[in-house]
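*Asks:* Have a look at this one before I ask anything.
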Amino acid sequence: MIKKFILITLIFILGGCSMKTVERASLPGNDFLIIAHRGASAYAPDHTFPSYELAVAMGADYIEIDLHMTRDRQLVAFHDRSIILEGEEHAIANLTLKELQNFLPGRIFNEQLPVMASKSFESLFVPTLEDIFLHFKDQVNYYIEIKSPTATPGIEKELIHQLESYQLLNRSDRFPKVIIQSYNADSLKKVFELAPSIPLVKLYSQDTTSISKGEIRDLEKYASGVGVNHSLVTIDFVNRLHDKGLAIHPFVVNDADDIQALLNMGADGIFTDKPDIAAKVKRSHLREPTKP
Numbered sequence: 000m001i002k003k004f005i006l007i008t009l010i011f012i013l014g015g016c017s018m019k020t021v022e023r024a025s026l027p028g029n030d031f032l033i034i035a036h037r038g039a040s041a042y043a044p045d046h047t048f049p050s051y052e053l054a055v056a057m058g059a060d061y062i063e064i065d066l067h068m069t070r071d072r073q074l075v076a077f078h079d080r081s082i083i084l085e086g087e088e089h090a091i092a093n094l095t096l097k098e099l100q101n102f103l104p105g106r107i108f109n110e111q112l113p114v115m116a117s118k119s120f121e122s123l124f125v126p127t128l129e130d131i132f133l134h135f136k137d138q139v140n141y142y143i144e145i146k147s148p149t150a151t152p153g154i155e156k157e158l159i160h161q162l163e164s165y166q167l168l169n170r171s172d173r174f175p176k177v178i179i180q181s182y183n184a185d186s187l188k189k190v191f192e193l194a195p196s197i198p199l200v201k202l203y204s205q206d207t208t209s210i211s212k213g214e215i216r217d218l219e220k221y222a223s224g225v226g227v228n229h230s231l232v233t234i235d236f237v238n239r240l241h242d243k244g245l246a247i248h249p250f251v252v253n254d255a256d257d258i259q260a261l262l263n264m265g266a267d268g269i270f271t272d273k274p275d276i277a278a279k280v281k282r283s284h285l286r287e288p289t290k291p
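Take the sequence shown: its letter number 163 is residue 162 in numbering that gives the first Met the number 0, and every next letter is one higher.
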C-alpha cells in the first residue's frame, strides 16, 4: 500500500513538473521578414507616424518600436536614452511625458537630412505606445525593443499589460502580431515569464563575432531568434543558429546587394531604414527560378 502511494505521488509530481514546462515561441521559418528600422527612417523622422505609415506602404512586415518608460511611467517610442532640451541633456527615464513632448524630432531630421526635409515634419512629437496602438490597431505587426530596462523597473509588465489591452497577444495571424527584442537577457526572460507566447529576440552588439555554446544553450530556454550586425553573418553562423531553432534577423541593412547576400545565406529577415529597397529585392528573389 505504501509503495503504491509513493508511486502515485511520484507520478503526480512528475506530471506537475511537465505541465510547468513552457515552450518558447517560434518565428516564421519560411518567410524573409522586412523589419522597418524605426519606421522608414531613411525618408522620414524615426519613430513618428509618417515614418511608420511610409514603412507599411513600402511593404514592411513589421514596424520597429524602440521603447522607453518616462518618469511618470508612460511608454514612448524613442531610440536614444537621452535627449537635449534647452541645451541640457536629460535621460528619458528622468523626464515626464509632457516634458519629453517638448522635443520635436522632425526639426532635427530636417536639419540633418535636408534632401528629405518637409515642413510637415516640424510639428511631429514623440508618440506613446498607446498612440501607436490607437492609430494602427491590429492592422500592422509590431517589433518592439525594450530599451534601458534596468533604469525603468516594471517596463516589461506595463508593456504586456498594454499588449493585452489592445488584444495583440495569443492570435492566429500569419505572422506573430508582436515580437520583442532586447540586448538585456534578464528583461527578455521577464517577458517570457509574463507572456511566453511572444517570440523573443536577443540582440548582440555591433562587434559580436560569435555566440558561445553556453550562450546558445541559454537562448534555447526562452529565445526565438537573435539580432546581430549584418556584416558578421556567414552561412555557417546562420546554419548553426537554425540547428538550434533560432532565427536570425541582421541589422541594419540598406544596400540591395547586402540584402540579397543575406537572403542567399538563409537569414530570416532584416532590419532596414529602406523598406522599399528590401521589398524590391525580396520580390526579385521570389521570382527567380528554382535551381536544380
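Beta carbons: idealized from backbone N, C-alpha and C, even for Gly.
Would you identify the three-state DSSP class for residue 111, choosing helix, strand or coil?
*Replies:* Locating residue 111 in the sequence shown gives position 112, where the first residue counts as 1. Of the three classes helix, strand and coil, the one that applies to residue 111 here is helix, per DSSP.
*Asks:* Can you tell me whether residue 124 is helix, strand or coil according to DSSP?
*Replies:* Residue mapping note: residue 124 aligns to position 125 of the sequence shown, counting from 1. Reduced to three states, the DSSP call for residue 124 is coil.
*Asks:* Report the three-state DSSP secondary structure of residue 35 (helix, strand or coil).
*Replies:* In the sequence shown, residue 35 corresponds to position 36, counting from 1. Three-state DSSP puts residue 35 in a strand.
*Asks:* By DSSP, does residue 212 sit in helix, in strand, or in coil?
*Replies:* Counted from its first residue, the sequence shown places residue 212 at position 213. It is helical.
*Asks:* So what's residue 16 in DSSP terms, helix, strand or just coil?
*Replies:* Residue mapping note: residue 16 aligns to position 17 of the sequence shown, counting from 1. Low per-residue confidence applies at residue 16: pLDDT is 45, beneath 50, and the placement is therefore not dependable, though the value from the model is reported in the following sentence. Of the three classes helix, strand and coil, the one that applies to residue 16 here is helix, per DSSP.
*Asks:* Per DSSP, what kind of secondary structure is residue 85 in: helix, strand or coil?
*Replies:* Counting from 1 along the sequence shown, the entry for residue 85 is found at position 86. DSSP places residue 85 in coil when its eight states are reduced to three.
*Asks:* Does the Cβ-Cβ distance between residue 21 and residue 195 come in under 8 Å?
*Replies:* By one-based count along the sequence shown, residue 21 stands at place 22. By one-based count along the sequence shown, residue 195 stands at place 196. Yes, the pair counts as a contact, with Cβ atoms nearer than the cut-off.
*Asks:* Could you check where the alpha helix (DSSP H) with residue 159 kicks off and where it finishes?
*Replies:* By one-based count along the sequence shown, residue 159 stands at place 160. Segment 154-164, the alpha helix (DSSP H) holding residue 159.
*Asks:* Determine the direct distance from the alpha carbon of residue 122 to that of residue 183, and round the result to whole angstroms.
*Replies:* Locating residue 183 in the sequence shown gives position 184, counting from the first residue. Locating residue 122 in the sequence shown gives position 123, counting from the first residue. Approximately 33 Å between the Cα atoms of the pair.
*Asks:* Suppose contacts are defined by Cβ-Cβ distances below 8 Å. Is residue 271 in contact with residue 252 by that definition?
*Replies:* Position 272 of the sequence shown holds residue 271. Position 253 of the sequence shown holds residue 252. Yes; because the gap between Cβ atoms is below 8 Å, this pair is in contact.
*Asks:* When you compare the CB of residue 88 with every CB in chain D, is at least one pair closer than 8 Å?
*Replies:* In the displayed structure, chain D is absent; only one protein chain is listed.
*Asks:* Grouping DSSP H, G and I as helix and E and B as strand, with all else coil, what is residue 248?
*Replies:* One-based indexing of the sequence shown puts residue 248 at position 249. In this structure, residue 248 counts as coil in the three-state DSSP scheme.
*Asks:* Take residue 70 as the anchor and find which of 43, 150 and 34 has the nearest alpha-carbon.
*Replies:* Translated into the one-based positions of the sequence shown, residue 70 becomes position 71. Answer by Cα proximity: 150.
*Asks:* For residue 167, collect the residues of the same chain with a Cβ closer than 6 Å to its Cβ; drop the 5 residues on either side in sequence, then sort them by chain order.
*Replies:* Taking the sequence shown and counting its residues from 1, one reaches residue 167 at position 168. Closer than 6 Å at the Cβ level, and outside the excluded window around residue 167, lie 176 and 177.
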